[in-house]
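Visitor: Just passing along the structure, written as structure tokens.
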């Protein structure tokens, strides 16, 4: 992640919140007033986005000092002080909401990812995210998934191949689709094919797909598919996995379980900024 | 909302998903292929963001045609076809995910707002949003709240005044804080003061605050405060309202109930794009 | 005002002046030459924009040091040294024109605002600006009006309500117009209605408008309207106020006098940068 | 002027005026309402910026139609209808202020330039602008000067050479300064030297300067300098020319009279948009 | 490639060429003049960038019509008319240089790629590009390589893995480096390891690298490595390949030959725009 | 050149190379690892772009320190260490390719310019560039030409006048074309006319053109034209000068030789970054 790209995201967030100025604060708080406070977790969760929170404040005023009392990815109990802050009161109060919005959103995702990872502990499967992310925040959300112990699926359409039903239909079958893709793409990319039954799995194997997505299958179907594939390709369980028993899915032997809900249905972690 | 501002948000979302190109689609789908399909609600909900979804596709290819089969704010049952699409297959497939991410996110918020509004029907209270929005999407999210029947609180720090504890402490009390603000702000803005007990409510009244926030009060406290205020100011119930019995809160007589969870904890509405 | 937003305005100004480089200075001035000088008021006026001038130079070269010898909003006589500058000669000479253009423009507005404020001293009225500002410079110009002792009207169309004749006609009268607006807007905004005679004033009062604009009325009409309103709404005198006797207008008892000419007809304050 | 550069200026102006939406208009005016009206000159002046006004409306809604009833640079008497407009009522009302701000500002400059040009008619001198322009609007303002019959000085620091006292001092005299510049610049640029007396004029001639600025000279001094130069260089009268008798200056025989006040002290031309 | 991303590149190119306006053309060519002409290849080459050339003109004036007489990737002999153009004379003349700069640059790269591809025809190897591209033009240059028949290596650092000597040293060997990467990256990416001798090739094989780069090896070394690898990984010849006998390299059996010179040392194809 | 404009070019280059992150480096290199190394010329050449290379690294991480061991425009033999670098290993490795791409490209142009300048040493002619530059990099490329000892032609269409055949045809001859231009342009610009034979040269002289381009003439024709012009205008040899014997061209007595190939056909200078 490029610093100036992250800053652009934060600046857009600051602009939409602050607009032409925080007039309440400008009216009430003297220009040279200082303030200090702390960020406290009001519920258990996995902290994520501390550096983003810090950058948000420093974009407003480089004199603001944030001291971390927890680390990225740390599981903290309710009541934990996760960071302290100190600096010009105006800038701290003006930036509070934007910084919290980012921190709570990212921590919410990391917490959910961490929970899913815990649910399948002891299996060899990994939890992966999807492209069902909040528009404008993908790199932060994919980072939050990793911070929670999850694994990233492709970032977007240009750094990974996923051949779906419409691609297959247009190309005239799985094999011609895979061949068309292989001719065109950088040799550094693997090829994944979406399948819904064993016949399609067989075609994908024949096409030498690197990854086979098992889409909307029952656990029994997945178990059979995994056995059938026998290590000739990575396997990915997909399709409303947010509503499934993840442990049972993992025990089918799949390599990856991708969960759209990790990022399309986010519950912000409850974090407050309290002043001394 | 300015069209070119909305387009900037959508373009950022398209860039982060498509990057340097949708190479799967470019490989498999002939350049002149056409496709048609429909957006279907896979659960009951309040539709929101149809025009954003349409613009997303047209930014990729102006030849894509989207025909609406539902309208903004319409409550649709599971299985409803909410829009039809037809156009160049490559652009439709490439834009699918971004368009759905926007549509599902906005519909998710409208659905939640609509549910909260329904919960207090029959009372005079209104449901309002907060500044706890997803960074970068505030105008779309505030629009979604309105679409779901809710009311907007201030958009950001420059179009509304909310005097909180730190402002009050720095200014030396509610009355000096309100006076400081009144001297500085455009005369077109009302002044809201956060209060936590009747003593503070009294000070706010003395300062001729236009709006009094009743923060983290019990329903009994709010009932008393509302009676005490007696129409001399608008009243707003606030503080984890997402976890409260909204009907009971509304029955305290408050004018507004502001709910951060409407936008900080979003559950995407389940909508799919199916192809014919 | 966000620092990085101010910087974007300044950078655009620097780009349009400097283009691909100040080739005169690059040719004549050695890279390591230093220079010092001072900004001098060549006429009496109200200084405004010192921090913008400073940022302009520092965007070119962070080593430039500007030492203020006057403060924002200070009334200075002709001949006053308002700031000193010292730093790399190339950057100072290259930035001179852009920095002065900003400083002189803002000081010109502050001076005009200050003059209008002085004209009504002893009355309870306040001088306010309008939306008739120079495209691209609104936040700086509204700041300059405040610096000169004036008051800001709404910043733009989203942070204030002003219901004009066309709105009223389309909505079917003042009362339905106010009601339509009240349903839609954040509860943090007041509602202003434009009126041209006492009948309209009465309608606005009936609609419980918060502010009543008295547009293009004679002083006698305004006096009557103010009496009639009797404190039930704020009153604002409007309509070519730049050409009126402000003291006489103020003495009608209006709360606000809004003057488009403050920002649509600007006379730059004469300030020079002299080198030692 | 590049269309998309002009649009960027207009979009910035629209954003600062409209912000997150024209909520008054959105509340009162039905989405499908149409409106028609006309732009009327409320005082005599030189019209400028009609195409900018048109683009401002079309950026909001491409269906708005503007029909010109006057042309760029036309001198119109008070009461002239200079353009008609027709289209969706919401977009017309929302764009009105920004479009007028641009049109009035540009027409104000063209009017002033035209007045200066008229003042020296019958002489061979030309009126020129300077770099004392409003930050962010230089290309529009320089265009307005041309529209009023004036001539442009260099656009900025990279398309023209003007060697001033500090350059001369640093280079060790006019001759070494001109030589240093000549070595470095594109051969397509002329070289102008600022002089304050005949001795400096002589040095500039010796250095084969293409243009000699006569800075802050009396008319007598300029007459003498022009005679002395005898056509060996262009001559430019400069220094608070806005306060001088332009005819008398022109009669000294100078080729150009550059006037900062044309753009640093702008009086908007009074133009209104009236609806039918 | 996103249309609006391509347009941004073209707009930047237009801005740097046209600046504040093509004053020669504005002075000499009447506003309503039309012109027609044709693009002619003044040497043999592979045409590339026709759509970029067309967009450049249309960004200046949507009325310009470009009619293609050749197609992307077509090998044309000297003297071929590759496109015709017709439209407003001002915009055509103003856009000519920028459009040609883009077309000639892209065609130059496609021509070079095509020549390299021809050189190894009959072998199974493919020609690939590198990240040694012209700053700001990577997506256009990578497209030009494909247009010339070449293959793309990764677009940048986020869509492909290439473990080099410094990564290996820091990670403590090839095997730990590959393992560290595998834990972190999306499962959709292959892993490439740079090797310089057979010992390193063995380590890469042990680490189950997907691709092995043979860096700066002699043809004999590469032949041996290819035999040794025996299809267990893709092989890529690398290291000043622009100066090597490509046929001989291809005959070592490598899968890919990556050539930095394809994009770091570009010779523009000679194409002219002639007017009728 | 404005620092923030240069940074924008570099940031675009970094974004296209680094995308969402250098995942190889992030995986293998510990966050706190440091590295040091040096840039070495692998062939003789003229160094250019050192400050751009330095800024590229510092945009990634301000802690990176680059120590110059050569200077802009210095001719260095093969094997010269031109700069040293030291800093956080991740940022150094991530920025390496972009920094080198810029440095090698600019040094390649400076080297070519320097070679052309050397070829005509002893004559009074100067080598000039053209507008045939790489889209997006013009200011860096024009700077590189100067660094190599060459001279800049106009930067773009707004800072110089070049009247070509189509302008002449539309205006009705060289004399009306020059007059039309002279009326419109800033008086700070010279006027250049393209000619192809002595008759046109005569017309250009009659029109008092400041510069006469001798386009695609033989050396004999140019010699004759130069004699004929006799110092009444600057002369510029033009037309595939990259393929001509520059010394012979210079000996015709022309003032300038403009060479498109300096920038349209660039060979990157071979420079490596080696780590200690």
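Chains as they are written, first to last, in my numbering: chain Y, 18 to 293; chain X, 18 to 293; chain A, 18 to 293; chain W, 18 to 293; chain H, 18 to 293; chain D, 18 to 293. Even glycine gets a Cβ: it sits at the ideal position worked out from N, Cα and C.
Does DSSP put residue 193 of chain H in a helix, a strand or coil?
Guide: Helix at residue 193 of chain H.
Visitor: Hey, is residue 123 of chain A's beta-carbon within less than 7 Å of any beta-carbon in chain Y?
Guide: Contact with chain Y is absent for residue 123 of chain A, since none of that chain's Cβ atoms lies less than 7 Å from the residue's Cβ.
Visitor: Just how far apart, CA to CA, sit residue 193 of chain A and residue 209 of chain A?
Guide: 14 Å
Visitor: Less than 7 Å between CB atoms is the rule here; does residue 98 of chain A satisfy it with respect to chain W?
Guide: No, because no Cβ of chain W sits closer than 7 Å to the Cβ of residue 98 of chain A.
Visitor: May I ask which residues mark the beginning and end of the beta strand (DSSP E) holding residue 111 of chain D?
Guide: No beta strand (DSSP E) holds residue 111 of chain D; the alpha helix (DSSP H) holding it covers 106-136.
Visitor: Output yes or no for whether 7 Å exceeds the beta carbon distance between residue 221 of chain A and residue 191 of chain A.
Guide: With contacts defined as CB atoms closer than 7 Å, residue 221 of chain A and residue 191 of chain A qualify as a contacting pair.
Visitor: Under 7 Å between beta-carbons, which chain D residues line up against residue 239 of chain Y? List them in chain order, please.
Guide: Those within 7 Å of residue 239 of chain Y in chain D number zero; the least Cβ separation is about 29 Å.
Visitor: Which runs of the alpha helix (DSSP H), 4 residues or longer, sit entirely within the stretch 219-247 of chain Y?
Guide: 236-246
Visitor: Do you know whose CA, among Y:188, Y:37, Y:140 and Y:128, lies nearest residue 267 of chain Y's CA?
Guide: Y:140
Visitor: Just mark residue 244 of chain W as buried or exposed, buried being the case when its beta carbon has 16 or more other beta carbons within 10 Å.
Guide: exposed
Visitor: Using the beta-carbon count (16 or more within 10 Å), is residue 51 of chain X buried or exposed?
Guide: Classification for residue 51 of chain X: exposed.
Visitor: Suppose you measure from the CA of residue 83 of chain W to the CA of residue 101 of chain W; what does that come to, to the nearest Å?
Guide: 6 Å
Visitor: Pull up the CB-CB distance for residue 217 of chain A and residue 181 of chain A, whole angstroms please, since I reckon it's below 8 Å.
Guide: With a Cβ gap of about 11 Å, residue 217 of chain A and residue 181 of chain A do not count as contacting.
Visitor: When DSSP labels each residue in this structure, what does residue 199 of chain A get in the three-state scheme?
Guide: helix
Visitor: Is the Cβ-Cβ distance between residue 130 of chain W and residue 162 of chain W less than 7 Å?
Guide: Against a cut-off of 7 Å, the Cβ pair of residue 162 of chain W and residue 130 of chain W comes out as a contact.
Visitor: With distances taken Cα to Cα, identify the nearest neighbour of residue 214 of chain W among W:227, W:231 and W:207.
Guide: Among W:227, W:231 and W:207, the Cα nearest to that of residue 214 of chain W belongs to W:231.
Visitor: Am I right that residue 120 of chain D and residue 69 of chain D are in contact with their C-beta atoms under 8 Å? What's the rounded C-beta distance?
Guide: 7 Å
Visitor: Taking C-beta pairs closer than 7 Å, name the residues in chain X that residue 171 of chain A reaches, listed in chain order.
Guide: 203 and 205
Visitor: I'd like to know if residue 156 of chain W contacts chain H, where contact means its C-beta is closer than 7 Å to some C-beta of that chain.
Guide: yes
Visitor: In the DSSP assignment, what residue or residues form a beta bridge with residue 54 of chain H?
Guide: H:102 and H:292
Visitor: Using a Cβ-Cβ distance cut-off of 7 Å, determine whether residue 174 of chain D contacts chain A.
Guide: no
Visitor: Does residue 45 of chain W come within less than 7 Å of chain A when only Cβ atoms are used?
Guide: yes
Visitor: Judging by CA-CA distance, which residue of D:128, D:118, D:177 and D:37 is the nearest neighbour of residue 147 of chain D?
Guide: It is D:177 whose Cα lies nearest to the Cα of residue 147 of chain D.
Visitor: Give a yes or no on whether the minimum CB-CB distance between residue 40 of chain W and chain X is below 7 Å.
Guide: With 7 Å as the cut-off, residue 40 of chain W does not count as an interface residue toward chain X.
Visitor: What does residue 180 of chain A reach in chain W if we use C-beta pairs closer than 9 Å?
Guide: Within chain W, 41, 44 and 45 have C-beta atoms less than 9 Å from the C-beta of residue 180 of chain A, given in sequence order.
Visitor: Tell me the DSSP bridge mates of residue 82 of chain Y?
Guide: Y:103
Visitor: Thinking C-alpha only, which one of H:46, H:55 and H:99 is nearest residue 65 of chain H?
Guide: H:99
Visitor: With a threshold of 7 Å between beta carbons, is residue 177 of chain W in contact with chain D?
Guide: yes
Visitor: When you compare only the Cα positions, how much space is there between residue 202 of chain W and residue 40 of chain A?
Guide: 7 Å
Visitor: Kindly give me the distance between the Cβ atoms of residue 233 of chain X and residue 270 of chain X, rounded to whole angstroms, as I take these residues to be in contact under 8 Å.
Guide: That pair is no contact at about 18 Å.
Visitor: Would you call the CB atoms of residue 77 of chain A and residue 123 of chain A closer than 7 Å?
Guide: no
Visitor: For residue 132 of chain A and residue 285 of chain W, I'd like the C-alpha separation in whole angstroms.
Guide: 20 Å
Visitor: Which residues of chain D have a Cβ atom closer than 8 Å to the Cβ of residue 230 of chain Y, listed in chain order?
Guide: Ordered by position in chain D, no residue passes the 8 Å Cβ test against residue 230 of chain Y, which lies about 22 Å from the chain.
Visitor: How is residue 172 of chain H classed by DSSP in three states: helix, strand or coil?
Guide: Residue 172 of chain H carries a coil assignment under DSSP once its states are collapsed to helix, strand and coil.
Visitor: Whose C-beta lies closer than 7 Å to the C-beta of residue 106 of chain H among residues of the same chain, with five residues either side of it excluded?
Guide: 46, 50, 51 and 52
Visitor: Determine the burial state of residue 291 of chain H: buried for a count of at least 16 other Cβ atoms within 10 Å of its Cβ, exposed for fewer.
Guide: exposed
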